[in-house]
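J.: Please read through the structure below; I'll follow up with questions.
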Ligand code: SF4
Ligand SMILES: [Zn+2]
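Protein chains in written order, with the working numbering: chain A, 1 to 43; chain B, 44 to 650; chain C, 651 to 848.
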């Protein structure tokens, strides 16, 4: 299984994971549930 | 068109694309890729001998696929420059074994397969963006049968069919059987004014285009019966109502109601169109020889790379955002860049030309000045305080900081854009930004929570996007709670963690850091530093036993007034949930922490 | 540290009724009057109009103001206007500061007069606190390259290129396709004149 990055939304509390991007570029984070950008990378 | 090709002061670069834009108003440096044409455009006489011998045939883009062309071709008869071009993807190859027939045939020897793409660097003082639009592709609106029935065409295809220079050389026929259609229907608003598919806006030109087409038909083929199916007819421009009147007088039938279904009679290939005539209040059926879909306009699908190279924003409909809808309607959000034509919004030829002339007046204003002054917002370094750690040089998006080990860093002022990321990054307080100094921003932060701190939200907003989004919310009169106190910085990268911690220490329940979306950053990628800094702050707050949720982060574009208001409403709800005990605890731990940090910094600075 | 001898002038704008309908501008003006270092606090109906600007200049001269705060609309709209105004009265334009009490206040809190007035007062106080730390700045001058780039060779691009060139500027007209002309070259006739498009 591909490696995952885990995120937590600091607006609505939603936790989700995404496959690790191939390149080490920084992507804009948006909570898929509430569209907030207050998304923290956890774990 | 010809004039533009001939003008001594216009350098025409076709098959060319802008790849990179650097610099600023008055002094842009632009990299343009000139794709290989494989035909010397100065020598080519457009005799066409090459195309005669070319063995391969492809659909012709100019005739929207209704005609054919060779791999070596002239885009259309009046093309400027008047020269043939080889499409390398279609061409069999220069190798004489593969082909190379055209090069052999050309008497003037202007075909050269060894020509390569060329990168040209231009220096300009102003830029006008006039990249136009796409027309809506009605494939997804399958109820009109565009992909299934041959005699359903788009308005652009119709345009080619009726044109003397078209694939049928002006013999107006329908694609199915090459007979002249006698009963023609037009469907309006295809891809426009729709919520679920296509685009929600009115494309502005399609009503008038259909009225024009109906008049052309009546003029050349008076026996044609024409039926126009519409929701509203929008003929508001100068002389437009008059054309509509002429069209009605010529016997064109206008039926209020869009077709519910289109079927094909397999025998005749005619189209059976069911429509609810909402004026008459009844269902009607029409048997038509041909149906023209009056397709709307939409933003170019390939527009984003250029938009990002120029640092421009778009509105929610995808067209480019102007600096101000009334006061600066042709200025783009980046100084020195102007908008003309449909790239800004759908418009007709007259409006495009008008806007182009307006953009020129604005651009000329810059070009005729000898000198421009640049805002004095740049970084300065205090050599006494600098420990030569090099952290600033690493984060500067412009490479404007010169730094070598052991010597204090130095700012190259001409390269500094003033985003302030370095100042926020410096742990030793050694960097300051003119006009957005630590002292001024700290004073503003403290002032924001000077009274009734527990009811306040301290919101940092960047000048170009999120602050502008807040202005947009105002212009649209979107209502939100009045608890936030907004502090403007040029870039979110300027927001020092000390400002944020200080706000919390003085009792702020919530702090918001906001900036441009990553793709819109006005300082290349300075807002990545914002994200990193906020990440670090979240960790730090958590370690100190403060809920990281109390620091919020949002990317809001200048066009997202809606989002700005929503964020304000949501974080006000969050503020109400922050308890007095929590705030008291925060104040205590942050005071202690600041004491510790300060003594640490002092110790380090001495070494 | 902010300097001694600060003399700050505050100008509170009604913007007709745009601000004054929601915000109690007179209360804001009085509040500003009581802030440290503020030596003049003035209300205007339209600060950006000529009489409003003249008043700012007069106060700068007569009261020796060395910082000016205008509480009105967004700095993204009128900061250049007011910077120019204070400059004409002999003040460095970086000693000017704006408090946004329209786009960020009266227009977005129209139902909450008390809340909006409080926010306006706070915003003015923040601007005054910031103004204390402003320093005069000198702007660098850069030369201008007298050439323009037009991207796109459709009807708008062609018109822009011709107008620029006729005005005497050098123009680069960059087009992605092998010929200029754009969509318009594909049209048969164009409204409203019904003539040929090429
Ligand atoms: S300064 Fe701004 S707020 Fe005041 S009148 Fe002018 S536009 Fe309105
Ligand atoms: Zn969420």
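The beta-carbon is built from N, C-alpha and C at its ideal position, and this holds for glycine as well. Just so it is clear, the structure is predicted and the values come from calculations on it, not from any experiment.
Within 10 angstroms of the Cβ of residue 153 of chain B, are there 16 or more other Cβ atoms? Answer buried if so, exposed if not.
T.: Taking the first residue of the second chain as 1, we reach residue 153 of chain B at position 110. Label assigned to residue 153 of chain B: buried.
J.: Would residue 651 of chain C pass as an interface residue toward chain B - the criterion being a Cβ-Cβ separation below 9 Å?
T.: Taking the first residue of the third chain as position 1, residue 651 of chain C is located at position 1. Confidence at residue 651 of chain C is low in this model, with a pLDDT of 49, below 50, so its placement is unreliable and no value can be given for it.
J.: I need the DSSP call for residue 374 of chain B, collapsed to helix, strand or coil.
T.: Your numbering for residue 374 of chain B matches position 331 in the second chain. In the structure shown, residue 374 of chain B sits in a strand (DSSP, three-state: E or B).
J.: Residue 752 of chain C touches chain B at which residues, Cβ-Cβ below 8 Å?
T.: As a position in the third chain, residue 752 of chain C is number 102, starting the count at 1. Neighbours of residue 752 of chain C on chain B, chain order: 517.
J.: I need the boundaries of the beta strand (DSSP E) containing residue 750 of chain C, first residue and last residue.
T.: Locating residue 750 of chain C in the third chain gives position 100, where the first residue counts as 1. Per DSSP, residue 750 of chain C belongs to the beta strand (DSSP E) from 746 to 750.
J.: With 9 Å set as the bound, which would you pick, yes or no: does the beta-carbon of residue 38 of chain A sit closer than that to a beta-carbon of chain B?
T.: Counted from its first residue, the first chain places residue 38 of chain A at position 38. Yes, residue 38 of chain A counts as interfacial toward chain B.
J.: Out of curiosity, what's the CA-to-CA distance linking residue 120 of chain B and residue 829 of chain C?
T.: Translated into positions along the second chain, residue 120 of chain B becomes position 77. Translated into positions along the third chain, residue 829 of chain C becomes position 179. Using only the alpha carbons, I get a separation of about 10 Å.
J.: Could you tell me if the beta carbon of residue 31 of chain A falls within a distance shorter than 8 Å of some heavy atom in ligand 2?
T.: The sequence position of residue 31 of chain A within the first chain is 31, counting from 1. At least one heavy atom of ligand 2 is nearer than 8 Å to the Cβ of residue 31 of chain A, so yes.
J.: To the nearest whole angstrom, what separates the beta carbons of residue 537 of chain B and residue 483 of chain B, a pair I think is in contact under 8 Å?
T.: Translated into positions along the second chain, residue 537 of chain B becomes position 494. Translated into positions along the second chain, residue 483 of chain B becomes position 440. The Cβ separation is near 11 Å, so there is no contact.
J.: Looking only at its chain, what residues have a beta carbon closer than 8 Å to the beta carbon of residue 237 of chain B, apart from the 5 residues adjacent to it on each side?
T.: In the second chain, residue 237 of chain B corresponds to position 194, counting from 1. Excluding residues within five positions, the ones whose Cβ falls inside 8 Å are 243.
J.: Can you give me the C-alpha to C-alpha distance between residue 299 of chain B and residue 316 of chain B, rounded to a whole angstrom?
T.: The residue given as residue 299 of chain B occupies position 256 in the second chain. The residue given as residue 316 of chain B occupies position 273 in the second chain. Cα-Cα distance, rounded: 14 Å.
J.: Skipping 5 residues on each side, what residues in its chain have a beta carbon closer than 7 Å to that of residue 651 of chain C?
T.: Within the third chain, the letter at position 1 stands for residue 651 of chain C. Reliability of the predicted coordinates at residue 651 of chain C is poor, the pLDDT of 49 falling under 50, and the value obtained from them is presented with this limitation in mind. Once the five neighbours on either side are set aside, residue 651 of chain C has no close Cβ partner at all.
J.: Is the CB-CB distance between residue 568 of chain B and residue 368 of chain B below 9 Å?
T.: Residue mapping note: residue 568 of chain B aligns to position 525 of the second chain, counting from 1. Residue mapping note: residue 368 of chain B aligns to position 325 of the second chain, counting from 1. Result no, Cβ atoms of residue 568 of chain B and residue 368 of chain B do not sit closer than 9 Å.
J.: I need the straight-line Cα distance from residue 540 of chain B to residue 576 of chain B, nearest angstrom please.
T.: In the second chain, residue 540 of chain B corresponds to position 497, counting from 1. In the second chain, residue 576 of chain B corresponds to position 533, counting from 1. For residue 540 of chain B and residue 576 of chain B, the distance between alpha carbons rounds to 7 Å.
J.: How is residue 730 of chain C classed by DSSP in three states: helix, strand or coil?
T.: Within the third chain, the letter at position 80 stands for residue 730 of chain C. Correct three-state label for residue 730 of chain C: helix.
J.: If distances are taken between C-alpha atoms only, which option among B/630, B/443 and B/469 comes closest to residue 669 of chain B?
T.: Outside the displayed range of chain B (44 to 650) lies residue 669 of chain B, so it cannot be described from this structure.
J.: Just the chain B side, please: which residues come within less than 7 Å of residue 50 of chain A by C-beta, in chain order?
T.: Residue numbering for chain A in the displayed model covers 1 to 43; residue 50 of chain A lies beyond these limits and cannot be assessed.
J.: On the DSSP bridge assignment, give the partners of residue 5 of chain A in chain order.
T.: Counted from its first residue, the first chain places residue 5 of chain A at position 5. According to DSSP, which records beta bridges pairwise, residue 5 of chain A is partnered with A/18.
J.: Hey, how far is the Cα of residue 713 of chain C from the Cα of residue 521 of chain B?
T.: In the third chain, residue 713 of chain C corresponds to position 63, counting from 1. In the second chain, residue 521 of chain B corresponds to position 478, counting from 1. Roughly 39 Å separates the two Cα atoms.
J.: When the Cα of residue 355 of chain B is compared with those of B/503, B/529, B/377 and B/372, which residue comes out closest?
T.: Taking the first residue of the second chain as 1, we reach residue 355 of chain B at position 312. Per the Cα distances, B/377.
J.: Measure the alpha-carbon distance for residue 332 of chain B versus residue 193 of chain B and round it to whole angstroms.
T.: Your numbering for residue 332 of chain B matches position 289 in the second chain. Your numbering for residue 193 of chain B matches position 150 in the second chain. The straight-line gap from Cα to Cα measures roughly 11 Å.
J.: Can you list the residues of chain C that residue 56 of chain B reaches, using a CB-CB cut of under 8 Å?
T.: In the second chain, residue 56 of chain B corresponds to position 13, counting from 1. By Cβ distance, chain C contributes 822, 823, 824 and 825.
J.: For residue 701 of chain C, name the three-state secondary structure that DSSP assigns.
T.: Start at 1 with the first residue of the third chain, and residue 701 of chain C comes out as number 51. Correct three-state label for residue 701 of chain C: helix.
J.: For ligand 2, is there a heavy atom less than 8 Å away from the beta-carbon of residue 506 of chain B?
T.: For the purposes of this step, residue 506 of chain B is taken as the residue at position 463 of the second chain. No; taking the cut-off as 8 Å, the Cβ of residue 506 of chain B has no heavy atom of ligand 2 nearer than that.
J.: State yes or no: is the beta carbon of residue 802 of chain C nearer than 9 Å to at least one beta carbon in chain B?
T.: One-based indexing of the third chain puts residue 802 of chain C at position 152. Taking Cβ atoms only, chain B reaches closer than 9 Å to residue 802 of chain C, which makes this a yes.
J.: Taking the Cβ atom as the reference point for each residue, do residue 708 of chain C and residue 784 of chain C lie within a distance shorter than 9 Å?
T.: Looking up residue 708 of chain C in the third chain gives position 58. Looking up residue 784 of chain C in the third chain gives position 134. In this structure, residue 784 of chain C does not lie closer than 9 Å to residue 708 of chain C by Cβ.
J.: Helix, strand or coil: which one does DSSP assign to residue 60 of chain B?
T.: As a working note, residue 60 of chain B is residue 17 in the second chain. Correct three-state label for residue 60 of chain B: strand.
J.: Please go through the same chain and pick out, in chain order, the residues whose beta-carbon is closer than 7 Å to the beta-carbon of residue 93 of chain B, but skip the five residues on each side of it.
T.: The sequence position of residue 93 of chain B within the second chain is 50, counting from 1. The residues are 115, 127, 145, 148, 149 and 154.
J.: To the nearest angstrom, report how far apart residue 638 of chain B and residue 524 of chain B are at their CA atoms.
T.: Against the second chain, residue 638 of chain B aligns to sequence position 595. Against the second chain, residue 524 of chain B aligns to sequence position 481. Those two C-alpha atoms are separated by around 35 Å.
J.: Could you please give the first and the last residue of the uninterrupted beta strand (DSSP E) stretch that includes residue 798 of chain C?
T.: Here residue 798 of chain C is taken as the residue at index 148 of the third chain, counted from 1. Run containing residue 798 of chain C: 797 to 801, per the beta strand (DSSP E) assignment.
J.: Do residue 14 of chain A and ligand 2 come close, with the Cβ less than 8 Å from some heavy atom?
T.: Mapped onto the first chain, residue 14 of chain A falls at position 14. For ligand 2, at least one heavy atom lies less than 8 Å from the Cβ of residue 14 of chain A.
J.: For residue 234 of chain B and residue 437 of chain B, I'd like the C-alpha separation in whole angstroms.
T.: Looking up residue 234 of chain B in the second chain gives position 191. Looking up residue 437 of chain B in the second chain gives position 394. Distance between the alpha carbons of residue 234 of chain B and residue 437 of chain B: 48 Å.
J.: If you measure from the CB of residue 40 of chain A, is any heavy atom of ligand 2 nearer than 8 Å?
T.: By one-based count along the first chain, residue 40 of chain A stands at place 40. No; taking the cut-off as 8 Å, the Cβ of residue 40 of chain A has no heavy atom of ligand 2 nearer than that.
J.: With 9 Å set as the bound, which would you pick, yes or no: does the beta-carbon of residue 415 of chain B sit closer than that to a beta-carbon of chain C?
T.: Within the second chain, the letter at position 372 stands for residue 415 of chain B. Yes - at least one Cβ of chain C is within 9 Å of the one on residue 415 of chain B.
J.: Going along chain B in order, which residues have a C-beta closer than 9 Å to the C-beta of residue 696 of chain C?
T.: On the third chain, residue 696 of chain C is found 46 positions in, with the first residue counted as 1. Those do not exist, as residue 696 of chain C stays about 15 Å from chain B at its closest Cβ, beyond 9 Å.
J.: Any heavy atom of ligand 3 closer than 8 Å to the Cβ of residue 9 of chain A?
T.: Annotation note on ligand 3: not contained in the displayed structure, which lists ligand 1 and ligand 2 as its ligands.
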